[in-house]
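Chemist:
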Amino acid sequence: MTNTVNALKAANAEIGTIWLDVENPPAWPKNIATNRKFVDDMANVAIKAGYKIGIYTGAYAWNTICGSSFTSYSAYPLWWANYNKKADLTTGWKNFGGWTKATIHQWDQNHSANGITFDPNVKYDN
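In UniProt numbering, the protein residues as written are 1 to 126.
1) Can you give, in chain order, each stretch of the beta strand (DSSP E) that sits fully within the segment 25 to 84 and has at least 3 residues?
2) Nearest by alpha-carbon distance to D88: which of V22, P29, L20, K123 is it?
3) How long is the line joining the alpha carbons of N31 and P25, rounded to whole angstroms?
4) If you draw a straight line from the C-alpha of N3 to the C-alpha of H111, how long is it?
5) I need the DSSP call for K86, collapsed to helix, strand or coil.
6) Confirm, please, whether the CB-CB distance from A102 to L78 is below 7 Å.
7) Quick check on F70: buried or exposed, where buried means 16 or more other Cβ atoms within 10 Å of its Cβ?
8) Out of F38, W19, A27, which one is the CA nearest neighbour of I104?
9) Do Y76 and I53 come within 7 Å of each other at the CB atom, strictly closer than that value?
10) Do you know offhand how far Q106's Cα is from K94's?
11) With distance defined between alpha-carbon atoms, name the residue in D119, Y83, Y51, D125 nearest to N12.
12) With the cut-off set at 7 Å, would you say K66 and N44 are in Cβ contact?
13) Rounded to whole angstroms, what is the Cα-Cα separation between K85 and P120?
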């Protein structure tokens, strides 16, 4: 994360949010405490550098990687990864990680339309 923050600053990049990607449980250590510390370290570097953060994850990934009792990031926006093919923020939603709602929902992956393949998302502004 330090390298990322340094590169953003060097490029005078203006971004809204750094999204911490917590997914793909097999790629993470089995030790939940180690994983929590890694997420904390990433978040702290970004926050101390003055960036807003959010978390990109799904319930299964979060609970497997960080544990269902890890709610330290529930005050931050959630980009919910749940490929349920429903372009809304509520279908299939169940609270996890202290979040009671998602900010963004990635509802499919490798979706094809008009000859283009992409990962579709939905976000409602309040």
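Idealized CB from N, CA, C, for every residue including glycine.
All values reported here derive from a predicted model rather than from experimental measurement.
Modeler: In short, the structure shows the following:
1) List check, beta strand (DSSP E) in window: 53 to 57, 78 to 81.
2) Ranked by Cα distance from D88, the first of V22, P29, L20, K123 is K123.
3) Rounded to whole angstroms, N31 to P25 spans 11 Å at the Cα level.
4) Cα-Cα distance, rounded: 32 Å.
5) K86: coil per DSSP, three-state reduction.
6) Yes, Cβ-Cβ distance for L78 and A102 is below 7 Å.
7) Buried, because 16 or more other Cβ atoms sit within 10 Å of the Cβ of F70.
8) The option with the nearest alpha carbon to I104 is W19.
9) Yes, the Cβ-Cβ distance between I53 and Y76 is below 7 Å.
10) Straight-line spacing of the CA atoms in Q106 and K94 works out to 15 Å.
11) When the alpha-carbon of N12 is set against those of D119, Y83, Y51, D125, the nearest one is in Y51.
12) For clarity, residue 66 is Cys in the given sequence; the question names Lys instead. The criterion of a C-beta distance shorter than 7 Å is not satisfied by C66 and N44.
13) About 9 Å.
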